Amino acid sequence: MEIIREEWPEKDEFVVCTVKELKTFGVFVGLEEYGGKEGLIHISAVSSGWVKHLRDYVREGQKIVCKVLHVDAQRGHIDLSLKAVKESQKKERIKEWKRERKVKNLLSLALSSSTAVKIGNEELDEVERKLVDTYGSLYDAFVEVVKVGKEALTPLGINPEYVDAIHKVAVTNVKIPSVQISGYVELTCPLSDGVEIIKKALKKAEKVAGTNTNANGVKVECSYIAAPRYKIRVTAPDYKKAENVLSDAANAAIEEVKSKEGTGKFYRKSS
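Counting from 956, one number per residue, gives the positions in the sequence shown under my numbering.
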């Protein structure tokens, strides 16, 4: 079961379609995520070269990714382009679509099998709409549940029994996406216990993520390269968070050694 999106696609959006019918002038397709709304790929928008036979490019029942050229909601008309989609864009869009379908099935299975009273289609639709309206997609909703916990669903007014089921299936099946970056610090301390001070400084850097390390998918690791240089590696859900954590971790280490008459410098890249 899928939620039918009542709205229309936007210009320049990439949409997953199913080829329905081939005509001499173009291809009629159904938009998978828009309730099967029909769109047309004019023959001139199928390929950048001359198209003699449409069947050389598409076939009935095939799943393809198209770019939206024009939408006329009043006339119920959607113009699409196949040639405007790069192979990398196609692969990424299909990946997103398949991932979303998988999460839909997981949600349906979780709520149907974990409740004492069988959940109805309307109630299941309502839960799904709340998740999509709040987080943009079911997958993003599940990722947020894994990051934050059940609290991510509390403001949505979802039945607590459903919240437990969603949380359980999310943490079992969804892995938080992450990126990894590194930076370098040069730390020195002239005191007799300088080595221990530097060790303490690096431990302070690793604790920058604090108690939210697991919840937020953030991890800081420090390692020795060659005195006085040390590597700080950060794993985080996205590059912006990773860069911020890396900067905070480096500053924490540098401030610690400076407070003990030492010196410290941060390098984003190895020199």
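We put the CB at the ideal spot given by N, CA and C, even for glycine.
Quantities reported herein were computed from a predicted structural model and do not represent experimental measurements.
C-alpha gap between residue i and residue j, whole angstroms
| i | j | result |
| --- | --- | --- |
| Ala1205 | Pro1183 | 14 Å |
| Glu1210 | Ser1068 | 54 Å |
| Phe969 | Ala1208 | 45 Å |
| Trp963 | Val1103 | 32 Å |
| Gly1016 | Leu1061 | 25 Å |
| Thr1166 | Ala1096 | In this predicted model, Thr1166 has a pLDDT of only 44, less than 50, meaning its place in the structure is not dependable; the value taken from the coordinates is given anyway. Distance between the alpha carbons of Thr1166 and Ala1096: 22 Å. |
| Ala1000 | Ala1028 | 21 Å |
| Ile996 | Asp1034 | 6 Å |
| Leu1079 | Val1189 | 39 Å |
| Leu1201 | Val1020 | 38 Å |
| Lys975 | Glu988 | 15 Å |
| Lys978 | Val1175 | 58 Å |
Beta strand (DSSP E) segment containing residue i, residue limits
| i | result |
| --- | --- |
| Arg1188 | 1184-1191 |
| His1227 | There is simply no residue 1227 to check, as the chain begins at 956 and stops at 1226 in what is shown. |
| Lys1158 | From DSSP, Lys1158 is part of no beta strand (DSSP E) but of the alpha helix (DSSP H) over 1149-1161. |
| Tyr1222 | 1218-1222 |
Range of the contiguous alpha helix (DSSP H) that encloses residue i
| i | result |
| --- | --- |
| Tyr1094 | 1093-1103 |
| Leu1079 | 1076-1090 |
| Gly1004 | It is not in any alpha helix (DSSP H) - Gly1004 carries neither H nor E in the DSSP assignment. |
| Lys1123 | 1115-1128 |
| Lys1046 | 1042-1068 |
Strand pairing of residue i, partner residues [DSSP]
| i | result |
| --- | --- |
| His1025 | Asp1034 |
| Ala1181 | Arg1184 |
| Ser1137 | Arg1188 |
| Tyr1194 | Answer is none; Tyr1194 lacks a bridge partner. |
| Gly1172 | Paired residues: none, contrary to the question. |
| Cys972 | Leu986, Ile1019 |
| Leu1146 | According to DSSP, Leu1146 bridges with nothing at all. |
Supposed close pair residue i, residue j - CB separation, criterion 8 Å
| i | j | result |
| --- | --- | --- |
| Leu1024 | Ser1043 | Their Cβ separation, rounded to whole angstroms, is 20 Å, which puts Leu1024 and Ser1043 out of contact at 8 Å. |
| Ser1137 | Ile1180 | The Cβ separation is near 11 Å, so there is no contact. |
| Glu1099 | Leu1146 | Not really, about 46 Å apart at Cβ, beyond 8 Å. |
| Ala1160 | Cys1177 | 5 Å |
| Tyr1094 | Glu1055 | 6 Å |
| Gly1172 | Pro1192 | 5 Å |
| Lys966 | Val1058 | At roughly 27 Å, the Cβ-Cβ gap does not stay under 8 Å, so Lys966 and Val1058 are not in contact. |
If you pair each beta-carbon of the stretch 973-983 with each one of the stretch 1009-1023, do three or more pairs fall below 8 Å?
-> yes
Contact between the stretch 1135-1147 and the stretch 1097-1112: three or more CB pairs below 8 Å?
-> no
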